Amino acid sequence: MTRLRLATQADVQSIAALNRSFHLDYEGFYWDRPEWVQRLVSHGCYFVLEEEGALLAAICLIVEGPEVVLDTIAVKEHLRGQGIGRKLVQWAAGAAAAMGKSRLAVGSFRAYELLDFYVKCGFEHDGIKQCMGHDSHYLHLDLQTPQKQ
44 MTRLRLATQA DVQSIAALNR SFHLDYEGFY WDRPEWVQRL VSHGCYFVLE EEGALLAAIC
104 LIVEGPEVVL DTIAVKEHLR GQGIGRKLVQ WAAGAAAAMG KSRLAVGSFR AYELLDFYVK
164 CGFEHDGIKQ CMGHDSHYLH LDLQTPQKQ
């Protein structure tokens, strides 16, 4: 059975290894460093998708004021193209809306070539800006927040 759960310290090394699949040789690139993953796991920002104890994917959400930033999303290479990333984005949008946040934001290095993926997930492209000296796409998804009863 596949389940999405809050990551624990026991997941840090596996998440860091998974994140190495999107490593770029950019000075200061930190998303695959275990100490960075550990810090965000300790703040309750990381979630893992697993099946029978095996890590399939991971997603990191950071609350910043009125929005939630989708900081990282990684799916095991052999599982890509099967809709797992799209489902994680949908879950993230639902989680952000349930928190009362008005939007889900993401930045993606141009080198990843993921603009079409995010647009297909409903994001609007806000333009290209520099991140760590490299072109990055910035996008947002406006959320429908649940009505208060």
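Taken in order, the sequence shown gives residues 44 to 192; the numbers are from the numbering used here. We treat Cβ as the ideally placed atom computed from N, Cα and C, and that holds for glycine. Here the structure is a predicted model, which means the values were calculated and not measured.
Asked	Found
Spatial distance of Ser-64 from Leu-98 (CA atoms)	14 angstroms
Given Tyr-161 as reference, the closest of Gln-173, Asp-178, Trp-134 and Arg-129 once Cα atoms are compared	Arg-129
Spatial neighbours of Thr-45 in its chain, beta-carbon cut-off 8 angstroms, leaving aside the 5 residues before and after	Leu-92, Glu-93, Glu-94 and Leu-99
Cβ neighbour criterion (16 or more within 10 Å) applied to Ser-151	buried
Assigned secondary structure, Gln-192 (DSSP; H/G/I helix, E/B strand, else coil)	Low per-residue confidence applies at Gln-192: pLDDT is 44, beneath 50, and the placement is therefore not dependable enough to give any value.
C-alpha gap between Ile-171 and Tyr-155, whole angstroms	13 angstroms
Pair within 7 angstroms by beta-carbon distance, Asp-75 and Ala-59	yes
Residues sharing a beta bridge with Lys-119, DSSP	Paired residues: none, contrary to the question.
Cβ-based neighbour list, Val-55, same chain, cut-off 7 angstroms, excluding 5 preceding and 5 following	Pro-77, Val-80, Gln-81 and Val-84
Complete beta strand (DSSP E) runs within the segment 83 to 116 (minimum length 3 residues, chain order)	89 to 94 and 97 to 107
Any C-beta of chain B under 7 angstroms from that of Ala-100	Among the protein chains of the structure shown there is no chain B, as only one such chain exists.
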